[in-house]
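Report on the following structure.
Chains as they are written, first to last, in the working numbering: chain A, 361 to 735; chain B, 361 to 735.
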C-alpha cells in the first residue's frame, strides 16, 4: 500500500482500539528458520467482536441473523409467514423484522458491536436508496424499504438488495462459485429470481434490473404469471408449480415442501415436468451467456436431487454442444443461507469502506491515534 | 503517453514513412488567438493508403469488400449462393472467397496497401485460431477456417469472428450503439445469432460461445431447429419463418425477400406471428440482461418496420415494467454492412497492435527511423 511502518502501526492501533482487529504474536514455525529481529505481530479481524444484522425476506418466511466477518452465522431466528396481502404489507413486514432484530440483538454476547443492516428482498431493488421497485410475490410496488429501515434503525447504516443477487454474491465470495468468472445463480422460491456474474463481474444492466431469470418466457400458452405475462419460467418451476405436481396446496410453505419431498418414491415421475422445464430454461440461458457454472438455489435446491436426471437430459437436448459441454450444475454451498449471508456482505460494505466512521459512531470518540473521519 | 517530443517525432516519421499516417500543418483558426512558436503538425491516419479485406459469409450470399480505416467501404462485391450442402462446403466457400478477394484486389487503387483479412461467419468461432466450431446453417462442424485462410493468403494476417459479434462490434464503435454500455444485437438471417455488450464490455462467456440468441427456446412444441432442439427462437423469426409467412419458398434468398416485403399491404397481418415472437423473445432478454438498446439486425432489419407495432406490444406485455421502460429498439445504423464492417475492425487489430510489423511486411525494410520489431 506504500505506507511506512509507523503509519501502519498507528492505523492498526486505531482499528485495535475500536475493536475491529486483534494483534497477536505469531507462533514459532519449526519448519522455517528463525529470523533476526522482533517478529511482526499478526493482525486478524475481530470476527467475534463486530457483527451485522442480516435478513432474508422470502415470500413465506423471514429469517434474521447476526453474522460475523467471514460469513459466520452467529444467531438466527426464523418466522413462517402466511402468504397473502394481509401479512405482506411493507408496514407489517417491517414490524415483524423490527421484533426479530430486537430479539436477535437481545441474544447477542456482551461486548459485540453491531455495525450495519443488510436485507434481501425477492424483488427488483434500486440499490442507491433501497427502493423496492417491484416485488410481485409480496405484492409490493415502489416500496421505500431503505428509507423505512433508516427511520426505524437510524443509528445503523442499512442496505437493501435483491435476494438472488445477494445469494450469488455470497456463493461467489464464499461458496460454490469461488474463483469462477461466469456463473448463473437461479433463486427458485415462490418467485424465481436470479443473478449472474459474467466475465468476473456481477451483471447489473442499464438500471440495475438484470437477472430476472424467472421471467424468461418458456411457454407462450402457459399460465398467467404474477408479473402479468404468460408462461414465465417461474410458472413452471416456482414453488407453486412444485407443490401442484406433488398434489399439495399452493400455500404449503417450505417445511411442508421438505416433508413432501422426503416422501417422493424413487423413480416417481410426478416432478418430471418441473425437471424438464428446469432443463429447457437452463439450456436457453446456457446458449445466451455460456456460463461455467449454473447454481440451482432457493428452495429449488431441495427439489433438484429428485429432478436432476430429467433436467440434465432436457438441458443436453436443448443446449448447443459447445456451451453445453462447458457448464457444470451445482447447488449452493451455503444452502438456504446464501441470500442471508449475501445480505450480511452488503451490510459490511460501509464498515469496510470506512471502519473508523462506522465503529466510531457507536463507541466513545477520540480513542484512536489518527484523526477520525466521519462519513 | 509519457513520451518526449523527439521520440514522438521519430515514431510519427516512421509511421509516415510506412504510409500509415499523413502529417500536415493545421489551418489557422481565426476564433483562437495566435500562439507563440512553430505550430504542431497534425497527424491523421492515411485512410486512403492502407486498407483491409473483409468478408461476410452469410447463408445465402457472400459479400467481400476493401475497407479503409474508419470503416469506409471502398469497393464491394456480392455473390448470391444457393442454399445447400453442395455450395456450403468449406472448400467451395474458400474457393469463392478467394476469387472474390482477387477481384476486389485487382480493382484497388494503385498505391493502396492491404494489411489484413477479417471474415464474419454465421457460427460459433474459436477466436484464438479461427476454428468454426459449429455453423448449423452452413452445415459446418469444426472447420479450421482460420488455418485455411492462412494457407491460402499466408502473406496477410487473417482473423475469423462470429457475424453477430462483429455486427455488434461495428455498431458499438461506429453505429447505433456508440457510447451505450448495455446493448443486445440480434442478427436475424436464415439463422439467428446475436451478441451483447454488457456493462460496456462484450459478453464472451466461459469459452467464447455467448450470444446465441437464436437458440433461446421460445416454444417447447415448436418446429425442429437446425441445431437439433425444438422451438428455438430462430424457428419463429429466422428468414425461413418470414418467407413461409409471406407464402414464399424457403430458399427465396435476400433479394426475393426485399421484393416480397415491398409488396406487403399496409395493415396486412401475415407477419403478425413473426412480430409477436420477436417481441416475446426480446422481452425474455430484456428481463434477463436489462439492456438500454436492442438492435434488430441482419435481414430482420428489413422486416422490422412491418412488424414493429406487433413486436412492441408483445414486448410491453411480456417484459417487466422497470427494464421494459429502459429499452430502446433500433435497427443497425450500418444497415446490412454491420457484420462486414465488424470483420474489417477485426482485420485492423494486428495493424493497430503493431503497425511497423504489419506494414513492414509488405514494403521495403529499413525505411523507418526506429528499429523495426517483427510480430
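Think of the CB as a built atom: it goes at the ideal place given N, C-alpha and C, for glycine as much as any other residue.
Every value quoted in this text rests on a predicted model; they were computed, and no experiment measured them.
Within the region 454 to 509 of chain B, the complete beta strand (DSSP E) runs of at least 3 residues fall at 473 to 481, 484 to 486, 491 to 495, 500 to 503. Cβ proximity to chain B below 7 Å picks out 640, 643, 644, 647, 648, 649, 650, 651 from the region 624 to 651 of chain A. For residue 508(B), the closest C-alpha among the options 476(B), 455(B), 538(B) is that of 455(B).
Secondary structure remark: continuous alpha helix (DSSP H) runs of at least 4 residues inside the region 663 to 692 of chain B, in chain order: 681 to 686.
For residue 523(A), the closest of 371(A), 619(A), 414(A), 651(A) by C-alpha to C-alpha distance is 414(A).
At a beta-carbon threshold of 8 Å, the residues of chain A lying near residue 677(B) are 588, 589, ordered along the chain. Residue pairing by DSSP places residue 521(A) opposite 480(A) in a beta bridge. Taking a beta-carbon distance threshold of 8 Å, residue 549(B) does not count as an interface residue toward chain A. Residue 515(B) carries a coil assignment under DSSP once its states are collapsed to helix, strand and coil. Each residue's CA atom was taken as its position, placing residue 572(A) and residue 364(B) some 52 Å apart. The three-state secondary structure of residue 435(B), taken from DSSP, is strand.
Note on geometry: alpha-carbon atoms of residue 653(A) and residue 672(A) lie some 14 Å from one another. Chain-ordered, the chain A residues with CB closer than 7 Å to the CB of residue 575(B) read 647, 680. Using a CB distance cut-off of 8 Å, residue 566(A) counts as an interface residue toward chain B. Within its own chain, the residues whose Cβ lies closer than 6 Å to the Cβ of residue 526(A), once the five positions on either side in sequence are excluded, are 480, 699, 702, 703, listed in chain order.
Residue 482(B) is classed as buried because its beta carbon has at least 16 other beta carbons within 10 Å across all chains shown. With respect to the 8 Å criterion, residue 536(A) and residue 690(A) are classified as neighbours on the basis of their beta carbons.
For residue 450(A), the closest Cβ of chain B is not nearer than 8 Å. Proximity to residue 630(B) across 567(B), 602(B), 514(B) peaks at 602(B), based on C-alpha coordinates.
Residues of chain A whose Cβ lies closer than 7 Å to the Cβ of residue 719(B) do not exist; the shortest such Cβ separation is about 33 Å.
Chain B has a Cβ within less than 8 Å of the Cβ of residue 559(A).
Distance between residue 646(A) and residue 600(B), taken at the CA atoms: about 25 Å. Under the Cβ criterion of 8 Å, residue 411(B) is not counted among the residues facing chain A. Contact between residue 598(A) and residue 591(A) is absent: CB atoms are separated by about 12 Å, not below the 8 Å threshold. With respect to residue 521(B), residue 505(B) sits apart: the two C-beta atoms are not nearer than 8 Å. DSSP places residue 402(A) in no alpha helix (DSSP H) but in the uninterrupted beta strand (DSSP E) bounded by 402 to 405. Chain-ordered, the chain B residues with CB closer than 8 Å to the CB of residue 578(A) read 577, 580. Residue pairing of residue 714(A) in beta bridges, as defined by DSSP: absent, with no partner found. Three or more Cβ pairs drawn from the region 660 to 679 of chain A and the region 630 to 640 of chain A lie within less than 8 Å of each other, which places the two stretches in contact.
For residue 421(B), DSSP records a beta bridge to 440(B). Closest by C-alpha distance to residue 425(B), out of 714(B), 411(B), 627(B), is 411(B). Comparing alpha-carbon positions, the option among 498(B), 628(B), 634(B), 650(B) lying closest to residue 449(B) turns out to be 498(B). Residues of the region 475 to 502 of chain A with a C-beta less than 7 Å from any C-beta of chain B: 484, 493, 494, listed in chain order. A direct Cα-to-Cα measurement between residue 554(B) and residue 375(A) gives close to 51 Å.
With respect to the 8 Å criterion, residue 548(B) and residue 648(B) are not classified as neighbours on the basis of their beta carbons.
Leaving aside the five residues that flank residue 594(A) on each side, the residues in its chain whose CB is nearer than 7 Å to its CB run, in chain order, 551, 552, 574, 575, 585.
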